[in-house]
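Peer 1: Per the working numbering, residue 10 is the first one in the sequence shown, and the count goes up by one each step.
Questions regarding the structure given below will be posed in turn.
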Amino acid sequence: MVPDPQRYTFATQCATVYDPAHVDQYGASSTPVYLTATFKGLPGAEYDYTRVSNPSRSVLENHLAKLEGAKHAYAVSCGMACLDVIMRMVGPGERVMAGDDLYGGSNRLLELLKKQMNIQVDNIDTSDPIEVERALSQRAKEHAEGHGARVALVLLESPTNPMIKIADLPYCVRLVRKYVPEALVVVDNTMLSPYLMRPLDFGVDIVYDSATKYLSGHHDIMAGVIACNRDDLAEKMFFTIKSVGNGLAPLDCFLLLRGVKTLALRMDRQQSSAMQVATYLDGLGFKVRYPGLRSFPGHVAHMRQARGPGGVLSFETGCTPMSEKIVAATKLWGVSVSFGCVNSLISMPCQMSHASIDPKVRAERGLPENLIRLCVGIEDPSDLLADLHHALLSAGAIEEEPHHSGSFRRVPVKDEMELFRAKLLARKPSSAPKRTTTLTVSAPGKVILFGEHAVVHGVTAVAAATALRCYGRVTPSKQGMVSLSMPDIALEQHWDQAALPWSLYDTSRKLDTLDPQLLEALSMLVSPAYPRDDRRYAASLAFLYLYMHLAQNDALGQAFELRSSLPISAGLGSSAAVSTCLASLLLYTHMHLPLPDLHEPMPKLHTKYINTWAYVAEKVIHGEPSGVDNTVATLGGAVAFTRALPTNHLTENELVPMNLDAVRVLITDTHVIRNTKDLVAKVSAQKNEEPVRVEAAFAMIQHLSTQAQALLRDSTLSRRHLVERLSVLMDLNHLQLVQLGVGHSALENVRRLCAERRLCAKLTGAGGGGCAITLLDDQVDESTVQQLTHAMRAQGFTTYETQVGGPGVGVLVHPNEYASTLGTDAAWANNAGIWVYA
């Protein structure tokens, strides 16, 4: 079969330059440079004057269009030339909406156009969807009423430079189309390049890059790239480029084309090293701005729209003179503006790239004067870290931990402490939080990647969250009534609050053990509707047990509804996701926890409370669970855990969180009913009968789990290599499980179908519904996945193409009209409003 060039991976497309309309007559492997200003020929020939077009530029633009996923691409003299060409489509008196953390040059050009052409400019926080919607709706209303300028263009950056703010691009596009549909949506994608994000895929009208940065990668040329899919916009921009003559010169076209060929290689190394630097600084206690950190507020939104966190980060020291000392003390990090080069750079934006912005404006926009920006290159990360560590030490920014030789911590600085005290003095007296009566939450399911069946015998297992989630909502109901609806399992229950056994509720009882007397009384309220071996009985009983403890005879009438995109009873943690949703809804609506802040990740205190109560619900359902399922449903990501029988609730010391974000996976439900307890007992019986053989299998599974944990902690690995290596380990883990007798012919069928397509699959979970998981590289051919899905369906299996390692429990803190009914798929969740995740 001949490969389809459109199906090549991005890295292959970078290196494979081919333009069928301009094939070199001599078969040159590198496109020639046409250093000529004019061309001989009859009128109507393709080329006549290099200001208009040139063969070197044509090949480059064709190549860039492929990488951008665009119909049209134009190469111009620099990144600012891109914005200049685009801004010529904005008329005098019209309005531009832009971010409040723009690149300094973009800010300078907009200020010039404000003075020369009376273009109105609104600078807003584009990382705040509420602010974006407010500004768009207000300006649309003013224009409709005849006393406001038309919004002609919305200019977005994500991440921004240097504050690393994240704009939810698909959501912003939807808002623009809703309020000002005629406005152009333009994205400056310089910080990521098309390798990590392609904004045109989100419906953006125009995307541009300063190719001086990542696309070229060597800081030896100035260049800019503009791309779009609309013919009318392309025609206008080409006319401007032709007229003003800022098309990229032939030699620069040659150099840019050469640089682009290594884009994927360079960026893989740069963002891998950047992750190590960000983790190092975060561990010292600095405030670090980097999308790769799970604690970063924009982490979830960024990873949803980008393929990686990028190679630029910034951090605050709290003291401007200290920041100056750090920058001056570095040796390997070059002090320079710009980024995207193979060499690592360090700068203080307020004194360099953003110095042209008025200090008062910088202060209004929250740009710290002490901010340091790091642009990571391709050097060995250990050398970069050593140089940075030396600079921090010499500047007095860090000190050795007392009583812990070789361990360092950040030194609090005077400026920061004074600012903190000022904030404390400025605080208003706290007032009672407003009661939340309607709320939507969600929690992920889980898969076990390594160690099932062996974990109960002391082997370390690894579990990860999935993007298949349970969604829960509570709304006000008739006073004195509480109801639970779970349509997926045909559960519908209503109770009179006054009829609940409040006299048995013991406020002094610890949560370590369940109250058997209260459980029995509650079971009498549930069992008339469902038999005790019915999953609806267990769900109802768990809900009432939580309700009794958290509602505490609150008179608020409530209706709870839960729906799931997770297959029920398939061993994917659906009950834990339900328990986590119920615990969250009750904790927030009965004011045990305030709603999380819109602009921050969910506080650890919240996740601790939610996880504790979700575990209580799991105990009601399962008796003595390990606590892994509810922990993954709460925290998300991936965790390593060790548990030997007898099982109890896992402590924090027994759970090791690991970085795993949005890795594609195919989950196959064979619908084979498997009894977990019987399978666990079967392995235990084998251990008693053949201890040598079984212990050898456990030892191998532990070895594979240990290797997997090392891979998940290795921030230098690209996602593709991570998936490849994990898949091999998972394949070996499955073979050991087969040796323990917990396999099944249906699962082997799944593995066969995957192997035919050079993919690995393994069973997941201790039993459940007989599910298998297959990790997918981001660049796996889509036709391969489709063929595999069809083949699975032909066997009677159900497949779910999803992700593992995503966020944990989520709260919808700012719902919109899409959230009026409870949905379960990712499209509904993305349109429902703004979520805050753990």
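C-beta atoms are modelled at their ideal positions from N, C-alpha and C, and glycine is treated no differently.
#1: So, with DSSP's three-state summary, where would you put K334?
#2: Could you check whether T59 and T45 sit closer than 8 Å to each other, using their CB atoms as the reference points?
#3: Leaving aside the five residues before and after D261 along the sequence, list all residues of the same chain whose C-beta is less than 7 Å from its C-beta, in chain order.
#4: Is E166 near Y204, with beta carbons less than 8 Å apart?
#5: Which residues does DSSP list as the beta-bridge partners of R482?
#6: Is DSSP giving V689 helix, strand or coil here?
#7: Compute the Euclidean distance between the alpha carbons of E325 and M172, then round it to the nearest angstrom.
#8: On the criterion of 16 or more Cβ atoms from any shown chain inside 10 Å, does W504 qualify as buried, or is it exposed?
#9: With H, G and I counted as helix, E and B as strand and the rest as coil, what does DSSP make of H743?
#10: Drop a sphere of 10 angstroms on the beta-carbon of R802, count the other beta-carbons inside from all chains shown, and report buried for 16 or more, exposed for fewer.
#11: Quick check on K296: does DSSP put it in helix, strand or coil?
#12: For the stretch 750-762 against the stretch 687-701, do three or more pairs of beta-carbon atoms, one drawn from each stretch, fall closer than 8 Å, so that the two count as touching?
#13: Using DSSP bridges, identify the partner residues of K455.
#14: If you drop the 5 nearest sequence neighbours on each side, which residues of the same chain put their C-beta closer than 8 Å to that of I133?
#15: Check whether the Cβ of L92 lies closer than 7 Å to any heavy atom of the ligand MN, and answer yes or no.
#16: Where L434 and R298 are concerned, what is the direct C-alpha to C-alpha distance, given to the nearest angstrom?
#17: Ignoring anything shorter than 3 residues or poking outside the stretch 111-190, list the beta strand (DSSP E) runs there in chain order.
#18: Drop a sphere of 10 angstroms on the beta-carbon of K123, count the other beta-carbons inside from all chains shown, and report buried for 16 or more, exposed for fewer.
#19: Using only the alpha-carbon positions, how far apart do A372 and T830 sit?
#20: Could I get the ranges of all uninterrupted beta strand (DSSP E) runs contained in the stretch 16-94, with 3 residues as the minimum, in chain order?
#21: If you count every other CB in all the chains shown that lies within 10 Å of the CB of L575, and 16 or more means buried, which is it?
#22: For a quick check, are the C-beta atoms of T793 and R766 less than 8 Å apart?
#23: What is the DSSP secondary structure of I250, reduced to helix, strand or coil?
#24: Which of the three DSSP states is assigned to D764 in this structure?
#25: Near H81, which residues of its chain fall below 6 Å by C-beta distance, leaving aside the five closest residues on each side in sequence?
#26: Between T447 and the rest of its own chain, which residues show a CB-CB distance below 6 Å, the 5 nearest in sequence each way excluded?
#27: A24: buried (16+ other C-beta within 10 angstroms of its C-beta) or exposed?
#28: Please check the pair M611 and A847, which I expect to be a contact at CB under 8 Å, by giving their CB distance rounded to whole angstroms.
#29: So, with DSSP's three-state summary, where would you put Y618?
#30: Within a Cβ cutoff of 7 Å, which residues of the same chain sit near E388, ignoring the five residues on either side of it in sequence?
#31: Count the other CB atoms, across all protein chains shown, that sit within 10 Å of the CB of R436; report buried if there are 16 or more and exposed otherwise.
#32: Are the beta-carbon atoms belonging to L164 and V189 less than 8 Å from one another?
#33: Leaving out the 5 sequence neighbours to the left and right, which residues in its chain are closer than 6 Å to E409 when beta-carbon positions are compared?
#34: Which of helix, strand or coil does DSSP assign to A836?
#35: Decide yes or no for the touch test of the stretch 809-816 against the stretch 667-677: beta carbon pairs closer than 8 Å, at least 3 of them.
#36: Is there contact between the stretch 287-301 and the stretch 239-254, where contact requires at least three CB pairs shorter than 8 Å?
Peer 2: Concretely, from the data shown:
#1: helix
#2: yes
#3: I230, A232
#4: no
#5: T449, E570
#6: helix
#7: 10 Å
#8: buried
#9: helix
#10: exposed
#11: strand
#12: yes
#13: A474
#14: M106, A107, G108, D109, E140, V141, A144
#15: No copy of the ligand MN appears in this structure; indeed no ligand is present at all.
#16: Caution applies to L434, whose pLDDT of 47 falls short of 50 and renders its modelled position unreliable; the model cannot decide the point.
#17: 129-133, 160-166
#18: exposed
#19: 42 Å
#20: 81-85
#21: buried
#22: yes
#23: helix
#24: The sequence as given places Ala at residue 764; Asp does not occur at that position. Helix.
#25: C237, A243
#26: T484
#27: exposed
#28: 4 Å
#29: helix
#30: L341, S353
#31: Bear in mind that the predicted position of R436 carries a pLDDT of just 45, short of 50, making it too unreliable to give a figure here.
#32: no
#33: F417
#34: helix
#35: yes
#36: no
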